[in-house]
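Numbering-wise (numbering that gives the first Met the number 0), the sequence shown opens with residue 0 and increments by one.
Everything below concerns the one structure shown next.
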Amino acid sequence: MLNIISILIGIIALPIALVGIIPIPFVPLLNWIALPIAIVGAAVGAMSDSNAGRNLNLVIILVSGLRLFLTGGII
0 MLNIISILIG IIALPIALVG IIPIPFVPLL NWIALPIAIV GAAVGAMSDS NAGRNLNLVI
60 ILVSGLRLFL TGGII
């Protein structure tokens, strides 16, 4: 059950992170929203027996974190 909840949290965070990759001014700030959502999803996924939800959220964390790291966290 926790894996399903983790996957649902990842499905919510994924479109936010993908839109945040677009280099239009102020749109990359959506990564600041997607990152904490994905961290919560990874924490929920870590408590489950399966790894699918945790891995999905870790990929979202990697994408959002890398985007924030490369742009200095502002834009």
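Think of the CB as a built atom: it goes at the ideal place given N, C-alpha and C, for glycine as much as any other residue.
Computed from a prediction, not measured in an experiment: that's the story for all the values here.
Beta-carbon separation (whole angstroms), residue i vs residue j, contact threshold 8 angstroms
{"i": "GLY52", "j": "GLY44", "result": "4 angstroms"}
{"i": "ALA12", "j": "GLY40", "result": "6 angstroms"}
Minimum C-alpha distance to residue i - residue among the options
{"i": "ILE38", "options": "VAL62, PRO27, PHE25 and ILE21", "result": "VAL62"}
{"i": "ALA33", "options": "PRO14, ALA42 and ASP48", "result": "PRO14"}
{"i": "LEU67", "options": "TRP31, ASN54 and ILE21", "result": "TRP31"}
{"i": "THR70", "options": "ILE4, ASN2 and ILE23", "result": "ILE23"}
Cβ pair residue i, residue j closer than 7 angstroms
{"i": "GLY9", "j": "ASN56", "result": "yes"}
{"i": "GLY19", "j": "LEU7", "result": "no"}
Extent of the continuous alpha helix (DSSP H) run through residue i
{"i": "ASN30", "result": "30-45"}
{"i": "GLY52", "result": "51-69"}
{"i": "PRO14", "result": "1-19"}
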